[in-house]
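K.L.:
Just so you know, the sequence shown maps onto residues 41 to 480 in my numbering. Just passing along the structure, written as structure tokens.
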Amino acid sequence: MKEYLLYLTDADGMPYSTHALIHQLEQQFHTQFLKLYLSWDHPDDLVIRKLIDFLKNLPPYVHGLNCRGLFENNQITNPKTLKNIVGSLPLGLRQLEIDYLIPPLLDVEYLEEIFLLFPDSIEHLSLSGNRLSHILNFVVHFAANYVKLTSLDIRALCIYEEWSTELFNVLLSCLPQQITTLYVNLDWMIKEQQKKLCPVLSFPQHIRTLNLIPKEFWQNESLLDVLDNSNVNTLGWFEEAIWPELIVQTPKCIHSLSFDNYLPNAMEHNTFIECMKSIPPHITSLSLKNNHLYLWHFDNLLQLFRAIPKTVKNLVLEGNALFIQLTNMEQEQLLNVLKTYQTDLNCHTVPYELEDSIMTDPLTSDDENTEFDDNFGATQLKTQDLTLNEYNYQSSPEYLFDFFKPKNTSIEINKLGDPSEKDSFDLFASLENSLVNREY
Numbered sequence: 041m042k043e044y045l046l047y048l049t050d051a052d053g054m055p056y057s058t059h060a061l062i063h064q065l066e067q068q069f070h071t072q073f074l075k076l077y078l079s080w081d082h083p084d085d086l087v088i089r090k091l092i093d094f095l096k097n098l099p100p101y102v103h104g105l106n107c108r109g110l111f112e113n114n115q116i117t118n119p120k121t122l123k124n125i126v127g128s129l130p131l132g133l134r135q136l137e138i139d140y141l142i143p144p145l146l147d148v149e150y151l152e153e154i155f156l157l158f159p160d161s162i163e164h165l166s167l168s169g170n171r172l173s174h175i176l177n178f179v180v181h182f183a184a185n186y187v188k189l190t191s192l193d194i195r196a197l198c199i200y201e202e203w204s205t206e207l208f209n210v211l212l213s214c215l216p217q218q219i220t221t222l223y224v225n226l227d228w229m230i231k232e233q234q235k236k237l238c239p240v241l242s243f244p245q246h247i248r249t250l251n252l253i254p255k256e257f258w259q260n261e262s263l264l265d266v267l268d269n270s271n272v273n274t275l276g277w278f279e280e281a282i283w284p285e286l287i288v289q290t291p292k293c294i295h296s297l298s299f300d301n302y303l304p305n306a307m308e309h310n311t312f313i314e315c316m317k318s319i320p321p322h323i324t325s326l327s328l329k330n331n332h333l334y335l336w337h338f339d340n341l342l343q344l345f346r347a348i349p350k351t352v353k354n355l356v357l358e359g360n361a362l363f364i365q366l367t368n369m370e371q372e373q374l375l376n377v378l379k380t381y382q383t384d385l386n387c388h389t390v391p392y393e394l395e396d397s398i399m400t401d402p403l404t405s406d407d408e409n410t411e412f413d414d415n416f417g418a419t420q421l422k423t424q425d426l427t428l429n430e431y432n433y434q435s436s437p438e439y440l441f442d443f444f445k446p447k448n449t450s451i452e453i454n455k456l457g458d459p460s461e462k463d464s465f466d467l468f469a470s471l472e473n474s475l476v477n478r479e480y
């Protein structure tokens with residue numbers, strides 16, 4: 041599923057028309073499954089009306105919506121407005137992220153009315169940042185009624201002072217069986233541990249993927265407690281600093297580690313490399329998606345990949361643009377290091393994390409931004425970069441293909457033709473926003 045950041049307003053805060061927004065999507069995607077990240081500036085009544093009209097007219101290939109950019113900082117406080125927005129969501133929606141949707145102290149009955157308007161086609165739901173501790177029973181009951189829901193994000197769902205392991209275990213035990221992926225934070229555990237009052241958490245057997253925050257495991261033993269007797273086999277870390285001692289303690293039930301969107305800064309490079317060295321031998325899959333690795337010094341980049349143990353067989357590097365600033369010699373060196381792992385051809389050429397991908401007004405285009413290179417053809421735009429698998433023309437793509445072709449699989453490399461041809465040039469020049477190609 042592709043991800044695309046769409047501004048609903050221009051630089052002056054004026055809303056684009058629904059026709060203009062839909063036309064933009066039709067030009068670039070048409071039948072491709074799409075997840076939209078919605079953003080606006082200074083929402084007023086006119087902008088909100090335009091949003092509702094846009095949601096009612098979304099193309100059927102839009103399968104995901106991230107609305108955090110609409111609701112963060114409680115930009116919408118009118119309950120009726122919230123109800124109208126949620127009631128306008130398309131019926132076929134598969135992914136919905138409504139972080140910070142609910143203003144504090146909103147009437148419980150109104151909250152229930154809003155929740156019941158969610159499409160029943162949802163497979164992933166993020167409620168992160170919403171203070172819903174006073175209606176947790178309803179949240180669980182709501183989740184149980186959505187039979188397609190398999191992934192749930194309940195970070196910062198509660199008021200931590202009111203939280204406890206016992207209450208959390210009750211919530212976990214009530215989660216519907218179809219939910220296999222869970223995003224949680226466990227800040228309240230720290231206080232309980234300090235008081236020596238922390239009973240063991242009990243994750244249901246149907247939870248297979250768990251996403252946690254490193255700082256919440258101030259003692260390595262607490263991680264073992266969390267995963268003790270669970271069926272969790274994939275562990276994801278997000279936010280905050282990670283340290284090698286925690287990685288070493290990864291329980292043997294875990295076979296896959298994820299550092300997606302981790303974004304280590306320059307000061308953390310050595311620590312992050314040490315974390316890679318600390319990966320235990322029972323980890324066979326590692327995901328480093330969307331970590332701006334193209335910003336790393338090349339020597340550090342080589343150190344990073346050489347630090348990953350050979351016991352890791354599958355490596356996901358999507359969204360890092362590893363080759364974008366490398367010389368031919370550096371590319372060859374990196375390819376030789378990476379050929380050890382089973383990976384995907386186009387995952388190395390997605391340029392930027394989504395938040396940094398939009399550098400111009402999304403409804404304007406500038407043909408002068410298109411840049412051609414004699415060796416690689418139409419490889420990039422000055423303000424945005426394109427995935428190799430779909431838009432990048434290469435004179436000899438077989439070179440990359442030989443290194444990254446997974447065993448017993450085939451990869452189709454789609455060529456657009458000679459970039460000197462007018463049709464190819466027009467296609468490149470018309471792309472106004474960069475794309476982030478991620479699979480779900």
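We put the beta carbon where it would ideally sit given N, CA and C, even for glycine. Note that the structure is predicted; figures quoted are calculated from it, not measured.
Is DSSP giving Gly359 helix, strand or coil here?
P.N.:
Sequence index remark: in the sequence shown, residue 359 carries index 319 (1-based). DSSP places Gly359 in coil when its eight states are reduced to three.
K.L.:
Three or more C-beta pairs under 8 Å: does that hold for the segment 91-106 against the segment 122-137?
P.N.:
Because the criterion of three Cβ pairs below 8 Å is met, the segment 91-106 and the segment 122-137 touch.
K.L.:
Would DSSP call Thr49 helix, strand or coil?
P.N.:
Numbered from its first residue, the sequence shown carries residue 49 at position 9. Of the three classes helix, strand and coil, the one that applies to Thr49 here is strand, per DSSP.
K.L.:
Taking the straight line between their C-alpha atoms, what separation do you get for Leu226 and Ile194?
P.N.:
As a working mapping, residue 226 is identified with position 186 in the sequence shown. As a working mapping, residue 194 is identified with position 154 in the sequence shown. Using only the alpha carbons, I get a separation of about 11 Å.
K.L.:
Considering only residues of the same chain and omitting the five flanking positions on each side of Ser242, which have a CB-CB separation below 6 Å?
P.N.:
Taking the first residue of the sequence shown as position 1, residue 242 is located at position 202. Excluding positions up to five away in sequence, the list reads Asn209.
K.L.:
What is the DSSP secondary structure of Leu222, reduced to helix, strand or coil?
P.N.:
Locating residue 222 in the sequence shown gives position 182, counting from the first residue. In this structure, Leu222 counts as strand in the three-state DSSP scheme.
K.L.:
Tell me the rounded alpha-carbon separation between Cys293 and Leu252.
P.N.:
As a position in the sequence shown, residue 293 is number 253, starting the count at 1. As a position in the sequence shown, residue 252 is number 212, starting the count at 1. Cα-Cα distance, rounded: 16 Å.
K.L.:
I'd like to know if the segment 179-186 and the segment 136-148 are in contact, where contact means that at least 3 CB-CB pairs between them fall below 8 Å.
P.N.:
No: the two stretches stay apart, fewer than three of their Cβ pairs being nearer than 8 Å.
K.L.:
Let me know if Ala484 comes out buried or exposed under the rule of 16 or more other beta-carbons within 10 Å of its beta-carbon.
P.N.:
There is no way to answer for residue 484, as the model of the chain reaches only from 41 to 480.
K.L.:
When DSSP builds the beta bridges, which residues end up paired with Ser296?
P.N.:
If you number the sequence shown from 1, residue 296 lands on position 256. Paired residues: Thr274 and Ser325.
K.L.:
What does a CB cutoff of less than 7 Å around Val187 pick up in its chain, not counting 5 residues either side in sequence?
P.N.:
Position 147 of the sequence shown, counted from the start, is the residue given in the question as residue 187. Result list for Val187: Gln218, in chain order.
K.L.:
Does the structure place the segment 310-322 close enough to the segment 346-355 that three or more beta carbon pairs sit under 8 Å?
P.N.:
Enough Cβ pairs lie closer than 8 Å, so yes.
K.L.:
Which whole-angstrom value describes the C-beta separation of Leu165 and Leu192, a residue pair presumed to lie in contact below a C-beta threshold of 8 Å?
P.N.:
Position 125 of the sequence shown, counted from the start, is the residue given in the question as residue 165. Position 152 of the sequence shown, counted from the start, is the residue given in the question as residue 192. That belief holds up - the Cβ atoms of Leu165 and Leu192 are roughly 6 Å apart, short of 8 Å.
K.L.:
What are the boundary residues of the beta strand (DSSP E) that Gly104 is part of?
P.N.:
The residue labelled residue 104 in the question sits at position 64 within the sequence shown. Per DSSP, Gly104 belongs to the beta strand (DSSP E) from Val102 to Asn106.
K.L.:
For the alpha helix (DSSP H) containing Leu192, list its first residue and its last residue.
P.N.:
Locating residue 192 in the sequence shown gives position 152, where the first residue counts as 1. From DSSP, Leu192 is part of no alpha helix (DSSP H) but of the beta strand (DSSP E) over Ser191 to Asp193.
K.L.:
Given a cut-off of 8 Å, decide if Lys90 and Glu43 are closer than it, judged by their beta-carbon atoms.
P.N.:
Stepping through the sequence shown from its first residue, residue 43 is reached at position 3. Stepping through the sequence shown from its first residue, residue 90 is reached at position 50. Contact: no.
K.L.:
For Thr249, which three-state DSSP category applies?
P.N.:
If you number the sequence shown from 1, residue 249 lands on position 209. Here Thr249 sits in strand by DSSP.
K.L.:
What are the boundary residues of the beta strand (DSSP E) that includes Lys75?
P.N.:
The residue labelled residue 75 in the question sits at position 35 within the sequence shown. Its beta strand (DSSP E) spans residues Leu74 to Ser79.
K.L.:
Is Lys353 helix, strand or coil by DSSP?
P.N.:
As a first step, residue 353 must be located in the sequence shown, where it is residue number 313. Three-state result, Lys353: coil.
K.L.:
So does the segment 347-366 actually touch the segment 316-331, counting three or more Cβ pairs closer than 8 Å?
P.N.:
In short, these stretches touch, since the Cβ pair count reaches three.
K.L.:
Could you check how far apart the C-beta atoms of Lys123 and Glu153 are, in whole angstroms? I think they sit under 8 Å.
P.N.:
Working through the sequence shown from its first residue, we reach residue 123 at position 83. Working through the sequence shown from its first residue, we reach residue 153 at position 113. Between Glu153 and Lys123 the Cβ distance is about 6 Å, and since that is below 8 Å, they are a contact.
K.L.:
Which value, in whole angstroms, describes the spacing of the CA atoms of Asp414 and Asp339?
P.N.:
Within the sequence shown, numbered from 1, the residue matching residue 414 stands at position 374. Within the sequence shown, numbered from 1, the residue matching residue 339 stands at position 299. For Asp414, the predicted structure reports a pLDDT of 32, less than 50, and the residue's modelled location is therefore unreliable. The matter cannot be settled from this model.
K.L.:
Since Leu286 is in the alpha helix (DSSP H), which residue starts that stretch and which ends it?
P.N.:
Within the sequence shown, the letter at position 246 stands for residue 286. Its alpha helix (DSSP H) spans residues Pro284 to Val288.
K.L.:
On the premise that Thr324 lies in contact with His295, defined as a C-beta separation below 8 Å, what is that separation, rounded to the nearest angstrom?
P.N.:
In the sequence shown, residue 295 corresponds to position 255, counting from 1. In the sequence shown, residue 324 corresponds to position 284, counting from 1. That belief holds up - the Cβ atoms of His295 and Thr324 are roughly 5 Å apart, short of 8 Å.
K.L.:
Run the CB neighbour count on Val288, radius 10 Å, all protein chains shown included, and call it buried at 16 or more, exposed below.
P.N.:
One-based indexing of the sequence shown puts residue 288 at position 248. Under this definition Val288 is an exposed residue.
K.L.:
To the nearest angstrom, how far is it from the Cα of Lys120 to the Cα of Ile88?
P.N.:
Here the question's residue 120 lines up with position 80 in the sequence shown. Here the question's residue 88 lines up with position 48 in the sequence shown. If I take the Cα positions, the gap works out to 12 Å.
K.L.:
Grab me the residues of Thr220's own chain with a C-beta within less than 7 Å of its C-beta, minus the 5 sequence neighbours each way, in chain order.
P.N.:
Within the sequence shown, residue 220 is the residue found at index 180, counting from 1. Here the set comprises Thr190, His246, Ile247, Arg248 and Thr249.
K.L.:
Roughly how many angstroms lie between the CA atoms of Tyr381 and Ser79, to the nearest whole one?
P.N.:
Counting from 1 along the sequence shown, the entry for residue 381 is found at position 341. Counting from 1 along the sequence shown, the entry for residue 79 is found at position 39. Rounded to whole angstroms, Tyr381 to Ser79 spans 37 Å at the Cα level.
K.L.:
From Leu286 to Asn305, what distance separates their C-alpha atoms?
P.N.:
By 1-based counting over the sequence shown, the position of residue 286 is 246. By 1-based counting over the sequence shown, the position of residue 305 is 265. So the two alpha carbons sit approximately 19 Å from each other.
K.L.:
Let me confirm a value: Gln135 is counted as buried when at least 16 other C-beta atoms fall within 10 Å, else exposed. Which label applies?
P.N.:
If you number the sequence shown from 1, residue 135 lands on position 95. Counting Cβ neighbours within 10 Å, Gln135 comes out buried, since at least 16 surround it.
K.L.:
Based on the DSSP output, what are the partners of Asn164 in its beta bridges?
P.N.:
Within the sequence shown, residue 164 is the residue found at index 124, counting from 1. Correcting the residue identity first, residue 164 is His in this sequence and not Asn. According to DSSP, which records beta bridges pairwise, His164 is partnered with Gln135 and Ser191.
K.L.:
Look up Gln382 in the DSSP assignment and give the residues it is bridged to.
P.N.:
Position 342 of the sequence shown holds residue 382. Beta-bridge pairing links Gln382 to Asn354.
K.L.:
Given a threshold of 16 other Cβ atoms within 10 Å of its Cβ, counted over all protein chains shown, does Pro459 qualify as buried or as exposed?
P.N.:
Taking the sequence shown and counting its residues from 1, one reaches residue 459 at position 419. With a pLDDT of 32 at Pro459, under the threshold of 50, the modelled position of this residue cannot be trusted, and the question is left open.
K.L.:
Within the same chain, show all residues whose beta-carbon is closer than 8 Å to that of Asn97, passing over the 5 residues directly before and after it, in chain order.
P.N.:
Translated into positions along the sequence shown, residue 97 becomes position 57. Thr58 and Ile62, listed in sequence order.
K.L.:
Along the alpha helix (DSSP H) that carries His332, what are the first and last residues, could you check?
P.N.:
Counted from its first residue, the sequence shown places residue 332 at position 292. First-last for His332: undefined, no H or E at that position.
K.L.:
Considering only residues of the same chain and omitting the five flanking positions on each side of Pro244, which have a CB-CB separation below 7 Å?
P.N.:
Sequence index remark: in the sequence shown, residue 244 carries index 204 (1-based). Result list for Pro244: Leu212, Ser213 and Leu215, in chain order.
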